[in-house]
Amino acid sequence: MLVAFAFATALTAQTNSKYILVIHGGAGTILKSQMTPEKEALYKQGLQNALDAGSKILKQGGTALDAVEATIMVLENDSLFNAGKGAVFTNEGKNELDASIMDGKTLKAGAVAGVTNIKNPITAARAVMDKSEHVMMAGKGAELFAAQNGCTVVDPSYFFTTQRWNDLLDAKREDSLKALHKDSTKAFLKQPDNHDYKYGTVGAVALDMYGNLAAATSTGGMTDKRYGRIGDSPIIGAGTYADNNTCAVSCTGWGEYFIRLSMAKTVSDRMEFAHESVKDAADEMIMKKLPSLGGDGGLIAVDKDGNFTMSFDTDGMYRGYIKSDGESKVEIYK
Ligand code: ASP
14 MLVAFAFATA
24 LTAQTNSKYI
34 LVIHGGAGTI
44 LKSQMTPEKE
54 ALYKQGLQNA
64 LDAGSKILKQ
74 GGTALDAVEA
84 TIMVLENDSL
94 FNAGKGAVFT
104 NEGKNELDAS
114 IMDGKTLKAG
124 AVAGVTNIKN
134 PITAARAVMD
144 KSEHVMMAGK
154 GAELFAAQNG
164 CTVVDPSYFF
174 TTQRWNDLLD
184 AKREDSLKAL
194 HKDSTKAFLK
204 QPDNHDYKYG
214 TVGAVALDMY
224 GNLAAATSTG
234 GMTDKRYGRI
244 GDSPIIGAGT
254 YADNNTCAVS
264 CTGWGEYFIR
274 LSMAKTVSDR
284 MEFAHESVKD
294 AADEMIMKKL
304 PSLGGDGGLI
314 AVDKDGNFTM
324 SFDTDGMYRG
334 YIKSDGESKV
344 EIYK
């Protein structure tokens, strides 16, 4: 009896049954005026499916790490989002995928960059973290490693979608126009003008019942990117970061700027060293530092107490959250 009581007390000390999952499906020029009610409903359903998959794991006492991986897989399999199926095309008309995952408890991390035939790049990132002594693997090596470690391999044509192909054609048309006007910097990296362009990367951050944080991000990158271009999403500290002492972060936006700002780690550092709240740290970076350099985008972050933020300086960001008390929401616009 006494033993059972002691055991139960110990368990309660380790868990507080509080969890939270926050997700994004990319930030960018997402305007209500360009969205049909049907399309909006599909996006919201896609986000909801991802929240359901991840929160089921957290509810059953699973880890934040497993929850973010499962959440990302659902978004990767949904062709509406720029990750896995539905990834954007490179300038050469290929799909080159990046993903990363980080465990806030151990600070272990895994990432893959430029993979072309792994159905769910997040599972490859997880394999790098769990089954290798490395943090990041790229290209052919990453593909081989993923295949050897049980990740599903597909023909690259699996990733094709008409919508993304048309986005590439639009981007190329814009390129030629910009070249005419000699706007070289922005011609290389698409800064959308007037079509329904969006970044579309997917991300998830979670706090589990045991107080552990985890973050994961997956993307096709940016439409019309040059071959071999790697954005922030697979870079630990830029697109993804998690530390049980501070927060878990996943970013979306113009990757080059997120890399230059070490975005995700800087949010964590501001909390650790400047004692800012997760919201203040994220807002300062996304609303001030990022636009001051000329970049744009957003991020989601959750802290060790379950406080969270979804900051973005674009017209919209596909996003949502679900908490252990049942509170849940999916949103798109500002
Ligand atoms: N950050 C991603 C990249 O630059 C793009 C995105 O968030 O949609 O590759």
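Here the sequence shown stands for residues 14 to 347, numbered as in my numbering.
C-beta: ideal position from N, C-alpha, C; glycine also.
Open item on the list: Strictly by DSSP, which residues pair up with M12?
Closed with: Here the chain comprises residues numbered 14 to 347, so residue 12 is not present and cannot be evaluated.
Open item on the list: When you compare the stretch 105 to 125 with the stretch 226 to 236, are there three or more beta-carbon pairs, one atom per stretch, that lie closer than 8 Å?
Closed with: Taking 8 Å as the limit for Cβ pairs, the verdict is that the stretch 226 to 236 does touch the stretch 105 to 125.
- [ ] Write down the C-beta distance between Y334 and L34 rounded to the nearest angstrom, noting that I regard them as a contact closer than 8 Å.
- [x] Stepping through the sequence shown from its first residue, residue 334 is reached at position 321. Stepping through the sequence shown from its first residue, residue 34 is reached at position 21. So it is a contact: roughly 7 Å between Cβ atoms.
TODO: Measure the beta-carbon distance from M150 to F158 and round it to whole angstroms, keeping in mind my assumption that it falls under 8 Å.
DONE: Taking the sequence shown and counting its residues from 1, one reaches residue 150 at position 137. Taking the sequence shown and counting its residues from 1, one reaches residue 158 at position 145. That belief holds up - the Cβ atoms of M150 and F158 are roughly 6 Å apart, short of 8 Å.
- [ ] Return yes when the C-beta of D237 is under 7 Å from any heavy atom of ligand 1, and no when it is not.
- [x] In the sequence shown, the residue the question calls residue 237 occupies position 224. Checking the Cβ of D237 against ligand 1 gives no.
Open item on the list: Under 8 Å: do the stretch 262 to 277 and the stretch 138 to 145 share three or more Cβ pairs, one atom per stretch?
Closed with: no
Task: Boundaries (first-last residue) of the alpha helix (DSSP H) holding A276 - done: Residue mapping note: residue 276 aligns to position 263 of the sequence shown, counting from 1. Residue identity differs from the one stated: residue 276 is Met in this sequence, not Ala. Per DSSP, M276 belongs to the alpha helix (DSSP H) from M276 to F286.
Open item on the list: Could you check if T265 belongs to the surroundings of ligand 1, using beta carbon to heavy atom distance under 7 Å?
Closed with: Start at 1 with the first residue of the sequence shown, and residue 265 comes out as number 252. Yes - ligand 1 has a heavy atom lying nearer than 7 Å to the Cβ of T265.
Task: Cβ neighbours of N108 in the same chain (closer than 7 Å, five flanking residues each side left out) - done: For the purposes of this step, residue 108 is taken as residue 95 along the sequence shown, with counting starting at 1. Cβ within range, chain order: A100, F102, T129, P169, F172 and G233.
Task: Where the beta strand (DSSP E) containing K238 begins and where it ends - done: Taking the sequence shown and counting its residues from 1, one reaches residue 238 at position 225. Segment: none, K238 is in no beta strand (DSSP E) and carries neither H nor E.
TODO: Determine which residues share a DSSP beta bridge with H37 and list them.
DONE: Residue numbering aside, residue 37 sits at position 24 when the sequence shown is read from its first letter. Looking at the DSSP assignment, H37 forms a beta bridge with G216 and R332.
Task: Classification of E51 by the beta-carbon crowding that lies within 10 angstroms, buried from 16 upward - done: For the purposes of this step, residue 51 is identified with residue 38 of the sequence shown, where counting begins at 1. Under this definition E51 is an exposed residue.
Task: Proximity below 8 Å, CB of V166 to CB of G38 - done: Taking the first residue of the sequence shown as position 1, residue 166 is located at position 153. Taking the first residue of the sequence shown as position 1, residue 38 is located at position 25. Their beta carbons are not under 8 Å apart, which means V166 does not touch G38 by this criterion.
Task: Per-residue DSSP class, three states only, for D256 - done: To locate residue 256, count along the sequence shown from 1; it is residue 243. Note: D256 maps to coil in three-state DSSP.
- [ ] Return the chain-ordered list of same chain residues with a C-beta closer than 7 Å to the C-beta of A294, the five sequence neighbours on each side being excluded.
- [x] The sequence position of residue 294 within the sequence shown is 281, counting from 1. V280, R283 and M284, listed in sequence order.
TODO: Measure the C-alpha to C-alpha separation of A80 and S341 and round it to an integer number of angstroms.
DONE: Here residue 80 corresponds to residue number 67 of the sequence shown, with the count starting at 1. Here residue 341 corresponds to residue number 328 of the sequence shown, with the count starting at 1. Distance between the alpha carbons of A80 and S341: 16 Å.
Task: Contact set for M300: own chain, Cβ-Cβ below 8 Å, skip 5 residues either direction - done: On the sequence shown, residue 300 is found 287 positions in, with the first residue counted as 1. Hits under 8 Å: S324 and D326.
Task: Within 8 Å, strictly: CB atoms of E89 and A83 - done: Working through the sequence shown from its first residue, we reach residue 89 at position 76. Working through the sequence shown from its first residue, we reach residue 83 at position 70. The answer is no: Cβ separation not under 8 Å.
Task: ligand 1 heavy atom lying under 7 Å from the CB of G310 - done: As a working mapping, residue 310 is identified with position 297 in the sequence shown. Yes, the Cβ of G310 comes within 7 Å of a heavy atom of ligand 1.
Open item on the list: On a Cα-Cα basis, can you pick out the residue from D91, G311, G106 and F321 that is closest to Q58?
Closed with: The count along the sequence shown starts at 1 and reaches residue 58 at position 45. For the residues D91, G311, G106 and F321, the minimum Cα distance to Q58 belongs to D91.
TODO: Put A251 into one of helix, strand or coil per three-state DSSP.
DONE: As a position in the sequence shown, residue 251 is number 238, starting the count at 1. Coil, per DSSP.
TODO: Could you tell me whether the Cβ atoms of L64 and I36 are closer together than 8 Å?
DONE: Sequence index remark: in the sequence shown, residue 64 carries index 51 (1-based). Sequence index remark: in the sequence shown, residue 36 carries index 23 (1-based). Cβ distance < 8 Å, so L64 and I36 count as in contact.
Open item on the list: Can you look up S68 in the DSSP assignment and give me helix, strand or coil?
Closed with: Sequence index remark: in the sequence shown, residue 68 carries index 55 (1-based). Three-state result, S68: helix.
Task: Expected contact under 8 Å - CB spacing of I43 and D296 to nearest Å - done: The sequence position of residue 43 within the sequence shown is 30, counting from 1. The sequence position of residue 296 within the sequence shown is 283, counting from 1. Not confirmed; about 20 Å, so no contact.
- [ ] Could you tell me if the beta carbon of F271 falls within a distance shorter than 7 Å of some heavy atom in ligand 1?
- [x] Along the sequence shown, one-based indexing puts residue 271 at 258. A distance criterion of 7 Å places the beta-carbon of F271 in contact range of ligand 1, judged by its closest non-hydrogen atom.
- [ ] Following the continuous alpha helix (DSSP H) through Y270, name the residue where it begins and the one where it ends.
- [x] In the sequence shown, counting from the first residue as 1, residue 270 sits at position 257. Where Y270 is concerned, the enclosing alpha helix (DSSP H) stretches over G268 to R273.
Task: Heavy atom of ligand 1 within 7 Å of D152 beta-carbon - done: For the purposes of this step, residue 152 is identified with residue 139 of the sequence shown, where counting begins at 1. Just to set this straight, residue 152 is Gly in the shown sequence, not Asp. It does not: the Cβ of G152 is nowhere closer than 7 Å to a heavy atom of ligand 1.
Task: K98 burial status per 10 Å Cβ neighbour count (16 or more: buried) - done: Within the sequence shown, the letter at position 85 stands for residue 98. Taking all protein chains shown into account, K98 has 16 or more neighbouring C-beta atoms within 10 Å of its C-beta and is therefore buried.
Task: 6 Å Cβ shell around K292 - same chain, five flanking residues per side excluded - done: Working through the sequence shown from its first residue, we reach residue 292 at position 279. Only T322 meet the Cβ criterion.
Task: Endpoints, the alpha helix (DSSP H) within which V379 is located - done: Outside the displayed range of the chain (14 to 347) lies residue 379, so it cannot be described from this structure.
- [ ] For my contact list, T265 and G310 are in at a C-beta cut-off of 8 Å; report their separation, rounded to the angstrom.
- [x] As a first step, residue 265 must be located in the sequence shown, where it is residue number 252. As a first step, residue 310 must be located in the sequence shown, where it is residue number 297. At roughly 5 Å, the Cβ-Cβ gap stays under 8 Å, so T265 and G310 are in contact.
Task: Distance CB(G67)-CB(A219) smaller than 8 Å - done: In the sequence shown, counting from the first residue as 1, residue 67 sits at position 54. In the sequence shown, counting from the first residue as 1, residue 219 sits at position 206. Yes; because the gap between Cβ atoms is below 8 Å, this pair is in contact.
Task: With 16 other Cβ atoms within 10 Å as the buried cut-off, status of V287 - done: The residue labelled residue 287 in the question sits at position 274 within the sequence shown. Reading off the sequence, residue 287 comes out as Ala, not Val. Answer is exposed; the Cβ neighbour count stays below 16.
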